[in-house]
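Numbering (the working numbering), first residue to last: 18 to 148.
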Amino acid sequence: MVKEWQDGQLVLNQPAGHIENNESAIEAVVRETREESGWRVKPIGLLGLYSFTPFEGADTYHRLCFMCEALEEASQELDPDIESSHWLTHEEIMSLPHRSPLIKACIEDSLLNPIIPLSFLSDQFLHPVSP
C-alpha cells in the first residue's frame with residue numbers, strides 16, 4: 018500500500034496509474050508499482066476489472082487489479098505524490114480509511130476469488146505492423 022497526496026489529503030491506496038501508449042497492462046503494473054512503491058514485482062494473475070463512479074455526473078474509473086509477487090525493493094525515488102509505501106496485514110488494511118471502495122473490494126476479492134491467468138490478457142495488437 019502507498020500513502021499519497023490526493024486533493025490536499027494524505028490517503029492510503031494501492032499502487033495504481035495509467036497504461037501508457039504502446040504499453041501492455043502487465044508492463045504498466047510493473048512500472049507503476051516500481052514508481053509508486055519502490056518495489057520490483059512480477060504479476061502472477063488478474064483479480065478483475067473494477068468500475069467506480071464516485072458521484073452522479075463524475076467520470077467513471079476502471080481499474081484492473083493484479084496479484085503480484087514481490088521480487089525486491091528497488092533503490093529509486095518514489096513518485097512526487099507518494100509519501101511512503103507500507104506492507105500491511107489484511108486486518109490493518111480493512112481498519113483504515115480509504116479514498117475509494119475499490120481498494121477494499123480488490124483486497125477482499127484477493128482472498129475470496131480465483132486468480133484469472135495472465136494469458137486472458139492479449140497485447141498482440143499493441144505494436145501494429147506498418148502497411
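Where is the CB? At the ideal position from N, CA and C, for every residue including glycine.
Q) Which first and last residues belong to the beta strand (DSSP E) in which L29 is found? A) 26–30
Q: Determine the DSSP secondary structure at I99, reduced to helix, strand or coil.
A: strand
Q | Supposed contact pair M84 and I36 - C-beta distance, whole angstroms, cut 8 Å | A | In fact, because the Cβ distance is near 18 Å, the residues do not count as touching under 8 Å.
Q. Taking buried to mean at least 16 other C-beta atoms within 10 Å of its own C-beta, is L128 buried or exposed?
A. exposed
Q) For F142, does the three-state DSSP call read helix, strand or coil? A) coil
Q | Own chain partners of S54 with C-beta closer than 7 Å, once the 5 adjacent residues on each side are dropped | A | V19, P32, S102
Q) Between which two residues does the beta strand (DSSP E) carrying A87 extend? A) 78–90
**Q.** Beta-bridge pairing of K59 - partner residues as DSSP gives them
**A.** When DSSP reads this structure, K59 sits in a beta bridge with E86.
**Q.** Rounded C-alpha distance that separates I61 from G34
**A.** Distance between the alpha carbons of I61 and G34: 18 Å.
Q.
On a Cα-Cα basis, can you pick out the residue from Q23, N30, W22 that is closest to P118?
A. N30
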